[in-house]
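**Q** Have a look at this one before I ask anything.
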Amino acid sequence: MTAEASESKGSKPILPDHVTVGALMKTCIQAGQADRAREVYKMLQEYNIKGTPEVYTIALRSCSLTGDLGFALKIYEDMNKIGVQPDEMFLSALVDVAGHARRADAAFEIMKDARAKGYQVGTIAYSSLMGACCNAKDWKKALQLFEEIKSIKLMPTVSMMNALITALCDGDQVLKSFEVLSEMKRLGVCPNMITYSVLFVACERNAEAQLGLDLFEQLKIDSIDLNPTIVGCLTGLCLQMFDNDLSLGNIVVTFNLGKPQIENKWTSSAIKVYREAISTGLLPSSDVLSQVLGCLRFPHDNTLTNTFIENMGISCDIPHHPNVNSLLEGFGEYDIRAFSILEEAASLGAVESISMKDTRILVDARKSKIYTAEVFC
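This is the structure:
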């Protein structure tokens, strides 16, 4: 048929359907253009397209980008008006928007309304609701929701439990978060690396060193791999506690064959974590290396200095021999293990390559962390 014949028969343009509108909105969302996605959404009314729950769920994604709860609720209202029943994916997405808007109260109201209307709400929707509590940093509502989930015999997912634990940790409820960890295991939900990472960060932030070490042992039992975040939190905790012992004069130094060595729980723990991290193939960060070295500092103690001098076989009146003090200040600040750890780190490429066996050591320590720089120098 010719163009003229087609035109004479009054051919009409092909109108968009819900699939077309959904595809256009997806493209806008992927490009981060939430405003354009909303303009496309208006085509549903413009062309009198009823659509399916899926296309309305796509529209909600644009609201998640900006946390625009008002527009999301309008979409929900539009669906109700034209008789499109939302499915669980839609309700989950709507609750997620409320979470991004940090409106846990609104998220709970949405779920309440959905249940009242007889809509299906299950694990997916409840997981989003827990996420909303987490985003809103409302640990009390998160705990309230957890009790509700248990009461309706709904099996929680690991992502749901991670959101609960995150909400508790953000609210400095560290001890309660550990109780939840134990409970999730009793329920048969296996914690993952995210679970442990969140807990370790909370332990470091709240100076819960012993909890951190206990958690380290649990992590190994659960066969969870170490990651840089976990390692950094543990060595950071060890340094915190070592500094505390150092300030209180609780650092014990023993002499083995004339060589001074620190005997301290936190020093041993820092080295243990460091060794295990390296054994799994993790390259120590500059922070981790400095924290471990920081746990190998000798206390500035006159008694220790005198014992050190005696073990060196030096017999002199220190006040009248200042050069001896200078010698100690340069080479008696760190446990000898610090030097082997630094040399090992250099061999792994974590710091500039050096050799303690060379007679002349040249190294630029200006970019090094404080304790690494001190051992270098």
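Residue numbers for the sequence shown, in the UniProt record's numbering: 1 to 377.
Glycine included, every Cβ here is placed at the ideal spot set by N, Cα and C.
Which one of K185, R186 and I165 has the shortest CA to CA distance from K176?
**A** Answer by Cα proximity: I165.
**Q** Note down the Cα distance separating E39 from G83, rounded to an integer number of angstroms.
**A** Rounded to the nearest angstrom, the two C-alpha atoms are 22 Å apart.
**Q** Could you check the C-alpha separation between S269 and R275 for me, to the nearest Å?
**A** If I take the Cα positions, the gap works out to 10 Å.
**Q** Report the partner residues of T254 according to the DSSP bridge assignment.
**A** Bridge partners of T254: Q261.
**Q** My output table needs one value for Y119: the three-state DSSP class, helix, strand or coil.
**A** Reduced to three states, the DSSP call for Y119 is coil.
**Q** With DSSP run on the structure shown, which of helix, strand or coil describes R297?
**A** Here R297 sits in strand by DSSP.
**Q** Might you give, ordered along the chain, the residues of its own chain that have their beta carbon closer than 6 Å to the beta carbon of I124, omitting 5 neighbours on each side?
**A** So the qualifying residues of the chain are E88 and S92.
**Q** On a Cα-Cα basis, can you pick out the residue from T267, Q45, A338 and L168 that is closest to L213?
**A** Of T267, Q45, A338 and L168, the residue nearest in Cα terms is T267.
**Q** Which residues in the same chain as S159 place their Cβ atom closer than 7 Å to its Cβ, once the five residues preceding and following it in sequence are excluded?
**A** For S159, where only same-chain residues beyond five positions count, the Cβ hits under 7 Å are S127.
**Q** For S326, name the three-state secondary structure that DSSP assigns.
**A** Because S326 sits at a pLDDT of 44, beneath the cut-off of 50, its placement in the model cannot be relied upon, and the point is left open.
**Q** Can you give me the start and stop residues for the alpha helix (DSSP H) that K150 sits inside?
**A** Counting along the chain, the alpha helix (DSSP H) containing K150 begins and ends at W139 to S151.
**Q** Short check: CB of G32 to CB of L60, under 8 Å?
**A** The answer is no: Cβ separation not under 8 Å.
**Q** A345 to V95, Cα distance in whole Å?
**A** One C-alpha to the other measures close to 48 Å.
**Q** So residue 406 packs on K141, CB below 8 Å; how close in whole Å?
**A** The chain is shown from 1 up to 377; residue 406 falls before or after that span and cannot be answered.
**Q** Based on Cα-Cα distance, which residue from M111, S62, F339 and D17 lies nearest to I29?
**A** The candidate whose alpha carbon is nearest that of I29 is S62.
**Q** From C238, I262, G118 and T254, pick the residue whose C-alpha is nearest to that of L289; which is it?
**A** That would be C238, whose Cα lies nearest to the Cα of L289.
**Q** Kindly give me the distance between the Cβ atoms of L234 and F200, rounded to whole angstroms, as I take these residues to be in contact under 8 Å.
**A** The pair is a contact, with the Cβ atoms about 7 Å apart (cut-off 8 Å).
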